[in-house]
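Q:
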Amino acid sequence: MSANTARCPMGHGTTELPEQAESRPTHVDGVQHSGAKEVPVVNWLQPAQLLAGPYGSYARLRTEAPVAWVPVLNKFLVTSYAGCHEIEQDQSIFSANVSGSTMNRAIGAHPMLRKDDPEHATDRLAVNPVLRPKNIKEAWAEVFAHNADIYLDELEDVGPDNADLNRDYAAPLAAKNLGDLVGLKDVDVQTVRTWSHDFIAGIGNVLDDPEIWRRCEASTEQADALINELIPHYQLHPNASMLSAWANSGLPDANITANVKLSISGGMNEPQHMVTNIVWALSNHPDQREQVLADPTRWTAVFDEAVRWLSPIGMYPRETTVDTVLEGVRIPAGSGIAVVVAAANHDPAQFGENAADFDISRPKKSHLAFGAGVHLCAGHWAAKSAIGQIAVPKAYERFPGLRIEESRPGQWAGWVFRGLTSLPVTWN
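Numbering (our numbering), first residue to last: 3 to 430.
#1: I need the DSSP call for residue 109, collapsed to helix, strand or coil.
#2: Of the residues 315, 323, 348 and 125, which one's Cα is nearest the Cα of residue 271?
#3: Give every residue of the same chain whose Cβ lies closer than 6 Å to the Cβ of residue 379, excluding the five residues on either side of it in the sequence, and list them in chain order.
#4: When you compare only the Cα positions, how much space is there between residue 248 and residue 375?
#5: Whole angstroms are fine: how far does the CA of residue 83 sit from the CA of residue 122?
#6: Using C-beta distances below 7 Å, list every residue in its chain close to residue 240, excluding the 5 sequence neighbours before and after it, in chain order.
#7: Should residue 48 go down as buried or exposed, given a rule of 16 or more other Cβ atoms within 10 Å for buried?
#8: Within 10 Å of its beta-carbon, does residue 26 have 16 or more other beta-carbons around it, so buried, or fewer, so exposed?
#9: Give me the DSSP bridge partner(s) of residue 326.
#10: Looking at the structure shown, is residue 91 part of a helix, part of a strand, or coil, going by DSSP?
#11: Does the segment 328-340 touch the segment 69-87, meaning 3 or more C-beta pairs lie closer than 8 Å?
#12: Between the segment 253-269 and the segment 177-191, do three or more beta carbon pairs fall short of 8 Å?
#13: Taking a contact to mean a Cβ-Cβ separation below 7 Å, would you say residue 254 touches residue 389 in this structure?
#14: Residue 281 by DSSP, collapsed to three states: which one?
#15: Distance, Cα to Cα, residue 163 vs residue 422?
#16: So, with DSSP's three-state summary, where would you put residue 321?
#17: Which residue comes first and which comes last in the beta strand (DSSP E) that contains residue 79?
#18: Whole-angstrom Cβ separation of residue 98 and residue 320, contact assumed at under 8 Å?
#19: Could you have a look at residue 36 and say whether DSSP puts it in helix, strand or coil?
#20: Tell whether a beta-carbon distance below 7 Å holds between residue 217 and residue 190.
#21: If you run the structure through DSSP and keep just helix, strand and coil, what is residue 370?
#22: For a test of the three-state rule: what should DSSP assign to residue 205, helix, strand or coil?
#23: In chain order, what residues of the same chain lie with their CB nearer than 8 Å to the CB of residue 243, ignoring the 5 residues before and after it?
#24: Counting only the same chain and skipping the five closest in sequence on each side, list residues whose C-beta sits under 8 Å from that of residue 387.
#25: Thinking C-alpha only, which one of 337, 285 and 365 is nearest residue 405?
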């Protein structure tokens, strides 16, 4: 690493970092930690690099400083699989209840994803039965399939010369599935999309754009009004939706409202991007596309590999509750941590030397695309069903020649949340 001069997060003023941080004993909480080193400070990393395409920067960080202080982001970035996994296994040290949470501000509330146990578990317990694999299969698979057919018809109507997979299929389908599963009664798809996009923009608003906060406030006000009407409705007329489960859980209305808005934000982003990510990946790897079209049992492997390779949720925050050492680096209490799971999911130490490649024949290994530990994404089974088993396979059944239309380039956006906002496609 190049020498850097920067404000040290340990609070000791300006620190000159050598070419390689020296290994030395460090005292944390009165205990000597042999081998802990001074804090690596990374000044070369800028948000524009991450927005343009983060994986080259992630590879450099994993090699030079897998746990590093990044002044422009005011956080420690953790990019190794081992470091990210360790964080997820110990909420007593690495808390989800972070100071100045962009998520709390974006949705105007404190949802379960920004709580630690037991408060997190209390909020989540009510909807766990709704989101279990058996219930998804029995109560929701038919709904997801019906919705996929609706939007495949619309994609076909647009035609192979003008189709955009995100605009015409992935985004409206994800919004429709989300509205149904959450229980957003009588809310049109465009409204669900607007709310979700505004909340996601706010959660990722690490640069504090005031226009994004204005949009979040407007969507929060609209969503709150609807949820406050639906809670008593579902108490009288329960159904299989998440909102119904929460409404009949005995939780305070404030908790329900916060978690419904959390579900609106995350419940569209990952499924939407996984549709386009899989088609993008298979279009760029036609040999693997032919393998799965010849053997549909491989769709599960396609989904798992695509969500690892192009993780739609690229980073989420944690905060240290005590002084600690992670991957040999001293981190003081109260520090902001960026858990960069998109980088961890490309770590050769976990996935082998070809970790940066898309390979549906890769030996099965645990990845962090849905988080891990107590905060493992509650909706991951729903996403696997709706997208990996239904939406994408049905798209290839309808259009076996589905592929990227090279003459109309797609567009990627984001790094905290990253995906294709446009993917022109065609078919024979």
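Just so it is clear, CB atoms sit at the ideal spot from N, CA and C, and this is done for glycine as well. Being a predicted model, the structure only gives us computed values, none of them experimental.
A: Well, looking at it:
#1: helix
#2: 315
#3: Taking residue 379 as the centre and dropping the five residues before and after it, the same chain places the C-beta of 372 and 373 closer than 6 Å to its C-beta, in chain order.
#4: 22 Å
#5: 24 Å
#6: Correct list, in chain order: 246 and 250.
#7: So residue 48 ends up on the exposed side.
#8: Bear in mind that the predicted position of residue 26 carries a pLDDT of just 29, short of 50, making it too unreliable to give a figure here.
#9: 333
#10: coil
#11: yes
#12: yes
#13: no
#14: helix
#15: 19 Å
#16: Note: residue 321 maps to strand in three-state DSSP.
#17: Residue range 77-80 is occupied by the beta strand (DSSP E) that includes residue 79.
#18: 6 Å
#19: Annotation note: pLDDT 43 at residue 36 (below 50); position unreliable, coordinate value reported separately. Three-state result, residue 36: coil.
#20: no
#21: coil
#22: Helix at residue 205.
#23: If we look at residue 243 and ignore the five residues flanking it on each side, its Cβ neighbours are 132, 182, 183, 184, 185 and 236.
#24: By the criterion of a C-beta distance shorter than 8 Å, residue 387 is surrounded in its chain by 135, 138, 139, 142, 143 and 146, once the five residues flanking it on both sides are discounted.
#25: 285
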